[in-house]
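Input: a single structure, listed below in structure tokens.
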Amino acid sequence: MRETRADTTQAFVYAIALHVLLFALMFLGLWWTRTTAPQSAAGSPIEAELIDPDALSARMKRALAQRPDPIAPQPEPEPEPVAEDSVPPPQPIPEPLPDESLVEQQVQAQERVPEPDTEQQEEVRRDAISAETREREQEEKRREEQIDLTERERQREAEERQRLARQQEREEKLRQIRAERAKLQRQTQMAEQKLKQIADRQAMAASEAAAQSDAEASATPPPGNNGVDEGLLRQYMAAIQSAVTSKWTRPDNMPGLPCKMRIVQLPGGEVMSVQFDASCPYDEAGKRSVEAAVLKAQPLPYAGFESVFNRRLNFTFRPN
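Shown next, in the form of structure tokens:
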């Protein structure tokens, strides 16, 4: 425990008071002894006071240090006989007090160090432990959050890789499907071209056969014509073919084959009906297109062809 200036001053004051009390007791004791002791022939006894040199002030110490010049000793008178009863009893020697050194006064008072409070120390210790525990828990929580964040980031990266892999797989499948579709389209186009070439060859063969049959038929005039001019008849058929073809709208996938039909007409070229032969290779759309072309082309050519006109005309339509 540190001593403060106040403690030192208080101790010094207590020491001075104690010395003063001792001096007062000693004085009272000597005075009481003097008043009660019988007068002796030797005179008054010698009185002395015991003073602790350490208890003196600095000024008194300096005064004692300056001793006067010694006085020459004088011859002591012979002592007178003293009765034994007049000798005072010996006084008790006071116990020496512990040396008390003067403490130099401090310019600035020392700060008093407060005694630690046990409860406050315990509370501070608990607070420190709680703060350390909270900090440890917060550090653990931050570490767990960092681990969770890293795990979520890793999981997100894995999901992103899976998504990219699935997207690449879908794109690869789409490329394969497009490639297969393009291949099928090329194969279909090639097949259509082959079919068209075959149909064209068949149409050419049929046209040649029809032309040959027409030539054979023209070589032998039909009964009832009485030798009508075959050249005019061929011109008449070509005129009807040209008129019908100019009004005809060719549908898709129309084969290039000829089609036989029977046209019933009136003098002047007005068409009454159109009937297709069973050997006609056209579908319903093709037949309707040819029939519509015949009806649009009426009146059919008539002027100049009266001699070869026939109400029931066997006509072969050639799309090419």
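Under our numbering, residues 54 to 373 are what the sequence shown spells out, in order. The beta-carbon is built from N, C-alpha and C at its ideal position, and this holds for glycine as well.
DSSP bridge partner residues for residue i (one or two, in chain order)
i      : result
Cys312 : Phe370
Val73  : In DSSP, Val73 forms no bridge with anything.
Val317 : Ser326 and Arg365
First through last residue of the alpha helix (DSSP H) which encompasses residue i
i      : result
Val347 : Glu337 to Ala350
Leu286 : Glu283 to Ser299
With 16 other Cβ atoms within 10 Å as the buried cut-off, status of residue i
i      : result
Pro24  : Because the chain spans 54 through 373 in this model, residue 24 falls outside it and cannot be assessed.
Val317 : exposed
Arg364 : exposed
Ala184 : exposed
Gly339 : buried
Val297 : buried
Val177 : exposed
Val343 : buried
Leu74  : exposed
Asn278 : Only weak support is given to the placement of Asn278: the predicted model assigns it a pLDDT of 46, under 50, and the question is left unresolved by the model.
Tyr335 : buried
Whole-number beta carbon distance between residue j and residue i, since they are thought to touch under 8 angstroms
i      : j      : result
Phe370 : Tyr289 : Not really, about 15 angstroms apart at Cβ, beyond 8 angstroms.
Val327 : Met314 : 6 angstroms
Leu217 : Gln255 : Incorrect: roughly 56 angstroms between the Cβ atoms, too far for contact.
Phe47  : Ile251 : This structure cannot settle anything about residue 47, because the visible part of the chain is limited to 54 through 373.
Terminal residues of the beta strand (DSSP E) in which residue i lies
i      : result
Val324 : Val324 to Phe329
contact_flag[the region 343 to 362, the region 295 to 305] where n(CB pairs < 8 angstroms) is 3 or more: yes
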